[in-house]
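In the working numbering, the protein residues as written are 10 to 316.
We treat Cβ as the ideally placed atom computed from N, Cα and C, and that holds for glycine.
Worksheet for the structure shown next.
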């Protein structure tokens, strides 16, 4: 009897174990099926765009646009995210496209206020080392009330550690034009170890008209190295063109100074050593440097698009 009970009890326990094992297997398989179903369903809801269908940066590093500062509330170059050092006298105003940067007076250390605020960038990225043909462009706005008839006002300078006038220096020279809204406009370029002043004769009857009328004006300069041709544009139209011109950076490019001479960065002297130098008392927008010579059509298009 006891033997029968023991056998009977063992049989019952074995059946219970088998039943529980079967139940666990069913539950496990159900969970696996549910998980796989959820994963498949989730994957099916994802929409995959075609290869290459993604937004592209319009100003990619390595392209012909080497430096671009739009000045929309920030002084950074958007090609390589270089920020400028600045002082508290710069501010942002309505620009030709978005905002622009305004340069306001600061004490020059000599008791005057002829030196205006300026921006100093570490460089114009790789512009000076890659460009043979090139373009630079910007927009500026300055009223007649801020016209300087005493000192030259620097608009920008690509500094050189071996040339007093830098690789490129653009400035509005002091004027004897009185109340005329025309600008005495000059550009200096390095020519290897020397200088090229051939684009510094925009004075007298050859001044740039209406530059001090308080409106936005575009300035573009292009240099085509193969043809040795430099072209100056004002407001989308050719203002001057010269051939047989050699412009060659000297290999010692340094800071990019906006609204100042290179001496603002204490390169080849300082403002304290050159009391005749002044900054630009207006606003600047859309500063660009290219390693190609833009065509006349490109320049006109940028002007029409306020770029």
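Residue nearest to residue i in terms of C-alpha spacing, selected from the options
i           : options               : result
residue 73  : 300, 316 and 309      : 300
residue 78  : 125, 126, 132 and 115 : 132
residue 128 : 200, 207 and 167      : 167
residue 172 : 260, 310 and 109      : 260
residue 155 : 138, 165, 205 and 182 : 182
residue 148 : 307, 302 and 294      : 294
residue 213 : 230, 307 and 187      : 187
residue 193 : 292, 162, 174 and 170 : 162
residue 170 : 237, 271 and 307      : 271
residue 377 : 103, 130 and 107      : In the structure displayed, the chain extends from 10 to 316; residue 377 sits before or after that span and is not available.
residue 136 : 278, 257 and 179      : 257
residue 297 : 249, 316 and 307      : 316
residue 134 : 242, 85 and 307       : 85
residue 146 : 250, 241 and 175      : 241
residue 233 : 278, 250 and 244      : 250
Range covered by the beta strand (DSSP E) that runs through residue i
i           : result
residue 246 : 246-251
residue 1   : In the structure displayed, the chain extends from 10 to 316; residue 1 sits before or after that span and is not available.
residue 199 : 194-200
residue 178 : 172-181
residue 262 : 262-267
Residue i to residue j span [Cα, whole Å]
i           : j           : result
residue 215 : residue 90  : 38 Å
residue 247 : residue 217 : 12 Å
residue 235 : residue 254 : 10 Å
residue 82  : residue 105 : 13 Å
residue 305 : residue 221 : 24 Å
residue 92  : residue 311 : 24 Å
residue 124 : residue 289 : 8 Å
residue 196 : residue 96  : 26 Å
residue 228 : residue 143 : 14 Å
residue 87  : residue 76  : 7 Å
residue 177 : residue 303 : 18 Å
residue 239 : residue 113 : 32 Å
residue 224 : residue 150 : 6 Å
residue 287 : residue 160 : 6 Å
residue 273 : residue 283 : 10 Å
residue 268 : residue 165 : 5 Å
residue 280 : residue 141 : 30 Å
residue 237 : residue 102 : 38 Å
residue 191 : residue 219 : 5 Å
Secondary structure of residue i, DSSP reduced to three states
i           : result
residue 213 : helix
residue 242 : strand
residue 231 : strand
residue 205 : strand
residue 257 : strand
residue 222 : strand
residue 274 : helix
residue 85  : coil
residue 287 : strand
residue 314 : coil
residue 317 : Residue numbering for the chain in the displayed model covers 10 to 316; residue 317 lies beyond these limits and cannot be assessed.
residue 282 : coil
residue 308 : helix
Residue i, enclosing alpha helix (DSSP H) - first and last residue
i           : result
residue 77  : Here residue 77 belongs to no alpha helix (DSSP H); instead the beta strand (DSSP E) covers 74-78.
residue 302 : It is not in any alpha helix (DSSP H) - residue 302 carries neither H nor E in the DSSP assignment.
Give the list of continuous beta strand (DSSP E) stretches no shorter than 3 residues that lie fully inside the region 90-168. List check, beta strand (DSSP E) in window: 99-103, 108-112, 128-130 and 143-150.
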